[in-house]
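Contents: one structure, followed by commentary.
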Amino acid sequence: MPIKRDGEFVTFGQHIQQQQQNFPQAKGQFSWLMSGITLATKMIAAYVRRAGLIDVWGDEGSVNVQGEAVKKLDIIANDALKRTLGYRGNVGIIASEEDNEPRVLQDVDSDDSYIVMFDPLDGSSNIDVNVSVGTIFTIFRNPPEIEGAEKSVLQPGINQVAAGYVLYGSSTVLVYTCGNGVHQFTLDPQFGAYLLTREDMKMPEHAGVYSVNEAYLHRFPPSYQRYLEWSKDPEGGGFSSRYVGSLVADFHRILVKGGIFLYPPTAAHSGGKLRLMYECNPLAFVAEQAGGVALGAGGKRVMELEPQGIHDRTPLVIGSRKNVDEAMRFLG
Ligand code: P6P
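Each residue of the sequence shown is one higher than the one before, starting from 0 at the first, in numbering that gives the first Met the number 0.
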């Protein structure tokens, strides 16, 4: 049930205002920016929920910078975010999984300018088969002292001001952190508002569930194969397995119930498949704020990886602290 204070539901906007009080230097610009993201995700949810009734299944016909076939809903989601963020007036630069280069929306003229990066519709190939998909976003300050969009966006994840995702699942939930805990909101389709449903979420310290694409097992490095064999062994971890194939859905289950998600290096993706800037960094920020762990290339903390390019990829091991510690006994 939504969390009520004084008999009133707590909306996302109210919650952000309360959070702002922890940042005296903020001038309400941040909450105005966040309202652009929530507005876009409400638009995306409206399309996702009517897929099949309106023509949004299938490919749009082009191939994106990732070399992936662009889905019709990818375009809709990307355009919605660019449009709503473009009107905010305090977003200096945006970068999207769907676009080759970051886009400068306006010149930086104040210290209240932000960079927003996003994967507009992660897992969009699942739309046609009605499996959950998600929007992932991350927010950095836009440093006026750095010239050029390319350099401004290449910041390590520890610089994130806020991050989160919207999961278009059995319900539409928004999960975010701005460094002061992790909070979940559920979109009430009647109100058209995100209402607080979980506050200060903590990831369980351990769960007997691993999440990985087993089809690639023999293409993983031997250390990952040994860990996964141990996980399955009744004398070892004795784990169960859950894998949706949609990162936000797999991560959200681990945030709520615990466990571990792995996307190791493979022959096809020796540097990992998942993108550092707008998939792994935001989920790592949420995971750490909820007491979890997120490790990337070389077993390093994801949020300390220094990006070389906006579309960098990294292997990912993310989840409950004790689960990751167990795994690193094999992988470290
Ligand atoms: P695979 C979706 O395409 C995605 O980027 C993530 O949402 C998901 O975790 C991953 O790819 C699934 O990859 O190789 O298991 O199909």
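Here a beta-carbon is modelled for each residue, glycine too, at the ideal position from N, C-alpha and C.
- If you draw a 10 Å sphere on the C-beta of TYR86, you find fewer than 16 other C-beta atoms in it, and that means exposed.
- Scanning its chain for C-beta atoms nearer than 6 Å, with the 5 sequence neighbours on each side dropped, one finds around ASP311 the residues LEU275, in chain order.
- A Cβ-Cβ separation of about 5 Å places GLY258 in contact with GLY318 under the 8 Å criterion.
- Contact between the stretch 182-192 and the stretch 228-241 is not established, with fewer than three Cβ pairs separated by less than 8 Å.
- GLY270 carries a coil assignment under DSSP once its states are collapsed to helix, strand and coil.
- In this model, GLN28 and ILE135 are separated by some 21 Å (Cα to Cα).
- In its chain, beyond the 5 residues on either side, GLY207 have a beta carbon closer than 7 Å to the beta carbon of GLY237.
- If you check the C-beta of SER240 against ligand 1, you find no heavy atom less than 7 Å away.
- In this structure, the alpha-carbon of PRO142 lies about 23 Å from that of ILE15.
- By the CB criterion at 8 Å, LEU282 and ALA293 fall inside the cutoff.
- The beta-carbon separation of SER169 and ILE92, rounded to 35 Å, does not stay under the 8 Å limit for a contact.
- In this structure, the beta-carbon distance from PRO220 to PRO263 falls below 8 Å.
- Going by beta carbons, PHE284 and SER210 fall outside the 8 Å limit.
- Remark: the shortest separation between the CB of SER245 and any heavy atom of ligand 1 falls under 7 Å.
- In terms of CA proximity to HIS268, PRO314 leads the group ARG82, MET302, ALA289, PRO314.
- With fewer than 16 other CB atoms across the displayed protein chains lying within 10 angstroms of its CB, PRO233 is exposed.
- In the three-state reduction of the DSSP assignment, LEU304 falls in the coil class.
- The nearest non-hydrogen atom of ligand 1 is less than 7 Å from the C-beta of GLY122.
- Ranked by Cα distance from LEU38, the options GLU204, PRO203, VAL165, PHE250 are led by VAL165.
- Nearest to LEU246 by alpha-carbon distance, out of VAL132, PRO101, ASP111, ASP110, is VAL132.
- DSSP, reduced to helix, strand and coil, places LYS201 outside both helices and strands of the structure shown, so it counts as coil.
- DSSP places LYS70 inside the beta strand (DSSP E), whose first and last residues are 68-70.
- About 7 Å separates the Cβ atoms of ALA296 and GLY271, confirming a contact at the 8 Å cut-off.
- Excluding five sequence positions before and after LYS256, the CB atoms of its chain that fall closer than 8 Å to its own CB belong to PRO203, ALA206, VAL208, given in chain order.
- Remark: C-beta atoms of ARG140 and VAL115 do not approach each other more closely than 8 Å.
- Put simply, the backbone Cα of ASP54 is about 15 Å away from that of SER124.
- Bounds of the alpha helix (DSSP H) holding THR40 are 28-47.
- Around ARG225, the same chain offers PHE329 as residues with beta carbons nearer than 6 Å, after the five sequence neighbours per side are excluded.
- In the assembly as shown, ASN129 is an exposed residue. Its beta-carbon has fewer than 16 other beta-carbons within 10 Å.
- In this structure, the CA atom of GLY122 is about 12 Å from the CA atom of ALA68.
- Under the DSSP assignment, ASP58 falls in the beta strand (DSSP E) whose first and last residues are 58-62.
- About 28 Å separates the Cβ atoms of ILE2 and TYR46, ruling out a contact at the 8 Å cut-off.
- With a cutoff of 8 Å on beta-carbon distance, LEU120 and ILE43 are scored as near each other.
- Within the DSSP bridge table, the entry for ALA161 names ILE138 as partners.
- The distance from the Cβ of LEU173 to that of THR40 is about 7 Å, consistent with a contact at the 8 Å cut-off.
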